[in-house]
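Asks: Got a structure here, written out as C-alpha cells. Questions coming.
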Amino acid sequence: MPGRRLRVSHRTGYRYATSVAASFNEVRMTPQDGEGQVLISHELAVLPRSPVQMYVDYWGALVESFDAHTPHRELEVVSTSTVDTVSRHREAPGLSWGELAATGVIDRWCEFLTTTSYVDDAAADPDRSDLVAELRALPTPREAVDAALGAVDDRLTYTPGVTTVLTTAHEAWTVGHGVCQDFTHAALSLLRAVGIPARYVSGYLHHEDDAVGETVVGESHSWLEVWDGGWEAFDPTNRRDVAEAHVTVARGRDYNDVPPLKGIYAGGRSEALGVSVEITQLPR
Numbered sequence: 004m005p006g007r008r009l010r011v012s013h014r015t016g017y018r019y020a021t022s023v024a025a026s027f028n029e030v031r032m033t034p035q036d037g038e039g040q041v042l043i044s045h046e047l048a049v050l051p052r053s054p055v056q057m058y059v060d061y062w063g064a065l066v067e068s069f070d071a072h073t074p075h076r077e078l079e080v081v082s083t084s085t086v087d088t089v090s091r092h093r094e095a096p097g098l099s100w101g102e103l104a105a106t107g108v109i110d111r112w113c114e115f116l117t118t119t120s121y122v123d124d125a126a127a128d129p130d131r132s133d134l135v136a137e138l139r140a141l142p143t144p145r146e147a148v149d150a151a152l153g154a155v156d157d158r159l160t161y162t163p164g165v166t167t168v169l170t171t172a173h174e175a176w177t178v179g180h181g182v183c184q185d186f187t188h189a190a191l192s193l194l195r196a197v198g199i200p201a202r203y204v205s206g207y208l209h210h211e212d213d214a215v216g217e218t219v220v221g222e223s224h225s226w227l228e229v230w231d232g233g234w235e236a237f238d239p240t241n242r243r244d245v246a247e248a249h250v251t252v253a254r255g256r257d258y259n260d261v262p263p264l265k266g267i268y269a270g271g272r273s274e275a276l277g278v279s280v281e282i283t284q285l286p287r
C-alpha cells in the first residue's frame with residue numbers, strides 16, 4: 004500500500020526574562036493513531052525534567068501535561084514520533100443542501116457550525132456576504148466546498164510575518180495575506196456560513212520531493228475537514244487533497260483547540276518562543 008514512514012521531531016520552548024518559579028503546560032504534538040495513519044512510536048522530553056500525565060481531550064487528541072515546579076529560566080519540549088501514513092482522500096457520499104440542513108445533522112455537528120473567536124460569520128461581513136450568497140446558490144455542498152477553497156486561494160497570498168497566531172479569519176481576509184492557520188480559518192468561516200460542518204486540523208507536512216533518509220526542515224501545518232455525509236480533508240493553503248505527506252495531530256473548532264504547546268507560568272516578566280520541526284522519511 005502506498006504511503007510513507009515519517010519521523011517527526013518538534014522542538015519548542017520558552018526563554019524567560021527572569022527566573023520562573025513554576026509553569027503549567029499542555030502539549031499536543033502526538034500524531035493520532037487511526038484514520039489513515041499508524042503511530043509507531045512517540046517520546047516526549049521535557050526540561051526541566053517533570054512528570055508527564057497523559058489524557059485524551061474532548062476532541063480526541065492525546066494531551067501530555069506537566070507542571071515544572073523547579074525555578075527555571077528556560078523551558079524546552081522535544082516531541083519525537085514515528086508514524087506510517089497513507090493517502091486519506093476518500094469521496095464522501097455527498098449530501099444535498101436539504102439533507103445537510105436536517106435537524107439531526109445540525110444537532111450532531113453544531114460545534115463545527117458555530118462562530119468562534121477566530122472564525123466569524125462570513126455572511127455578516129459586507130466584504131464576504133455576496134460570496135456566501137453565491138456559495139449557497141451552487142447546486143451541491145460539494146461544489147460550494149470547492150468554490151470556497153478557490154475563493155480563499157484567490158484572496159490570500161501566503162506571506163509569513165504579516166499575521167500572528169492571534170489573527171482572525173476576518174482580519175486575514177481583510178489584509179489578504181497569511182499563513183496556513185489563516186487560510187484554514189478563512190475557509191472555515193465561509194463553509195460554516197453556508198451550513199457545511201467544518202473543523203480545524205493541526206499536524207505536520209512533509210514535502211513531496213524529499214528523499215528517503217534525508218532529514219529536512221518541516222513545518223507545523225493546518226488544514227480542514229468538511230462533513231458531507233462523511234469527513235473529508237482538504238488543504239486550503241496548498242490547494243490540494245490531504246494525503247500521505249500530511250500527519251494529523253489534533254482536531255477542533257479552530258486553532259485555540261489545538262495549540263502544540265500552551266501553558267501558564269508564575270514569575271518572570273517576558274518570554275520568547277523558539278520552534279523547529281525536522282521530518283525524515285524512513286524506509287518501510
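Under the numbering used here, the sequence shown is numbered contiguously, ending at residue 287. Glycine included, every Cβ here is placed at the ideal spot set by N, Cα and C.
Pick out whichever of P200, I109 and R242 has its Cα sitting closest to the Cα of V155.
Replies: V155 has its Cα closest to that of R242, out of P200, I109 and R242.
Asks: Kindly list the residues whose CB is nearer than 7 Å to the CB of V165, restricted to its own chain and excluding five residues on each side of it in sequence; keep chain order.
Replies: Correct list, in chain order: V178, H180 and G181.
Asks: Are the CB atoms of L193 and A125 within a distance shorter than 7 Å?
Replies: Their beta carbons are under 7 Å apart, which means A125 touches L193 by this criterion.
Asks: Straight-line CA distance for L276 to L50?
Replies: Cα to Cα, L276 sits roughly 15 Å from L50.
Asks: Would you mind giving the Cβ-Cβ distance between H210 and D257, rounded to the nearest angstrom? I have them listed as a contact below 8 Å.
Replies: Not confirmed; about 26 Å, so no contact.
Asks: Let me know the secondary structure DSSP gives R242 once reduced to three states.
Replies: Three-state result, R242: coil.
Asks: Once the 5 residues before and after E274 are set aside, which same chain residues still bring their CB inside 6 Å of it?
Replies: These residues qualify, in order along the chain: Y17 and Y19.
Asks: Quick check on D185: does DSSP put it in helix, strand or coil?
Replies: If DSSP states are grouped into helix, strand and coil, D185 belongs with the helices.
Asks: Could you give the distance in angstroms between the alpha-carbon of L78 and the alpha-carbon of K265?
Replies: The straight-line gap from Cα to Cα measures roughly 12 Å.
Asks: Can you tell me which of the three DSSP states Y258 falls into?
Replies: In the structure shown, Y258 sits in a helix (DSSP, three-state: H, G or I).
Asks: By Cβ distance, which residues of its chain are closer than 6 Å to R76, with the 5 residues on each side in sequence left out?
Replies: Around R76: Y19 and S22.
Asks: For V340 versus P74, is the C-beta distance shorter than 7 Å?
Replies: Any question about residue 340 goes unanswered here, given that the chain covers just 4 to 287.
Asks: So for L42, helix, strand or coil by DSSP?
Replies: Here L42 sits in strand by DSSP.
Asks: Which of helix, strand or coil does DSSP assign to R76?
Replies: Strand, per DSSP.
Asks: Starting from the C-beta of I109, find all residues in its chain whose C-beta is less than 7 Å away, skip the five residues before and the five after it, and write them out in chain order.
Replies: Correct list, in chain order: L116.
Asks: Would you call the CB atoms of S12 and E281 closer than 7 Å?
Replies: Yes, they are a contact pair.
Asks: Given this structure, state the Cα-to-Cα distance separating G107 from G101, to the nearest angstrom.
Replies: Computed Cα separation, rounded: 12 Å.
Asks: Which partner residues of T21 appear in the DSSP bridge assignment?
Replies: Partner(s): none; T21 has no beta bridge.
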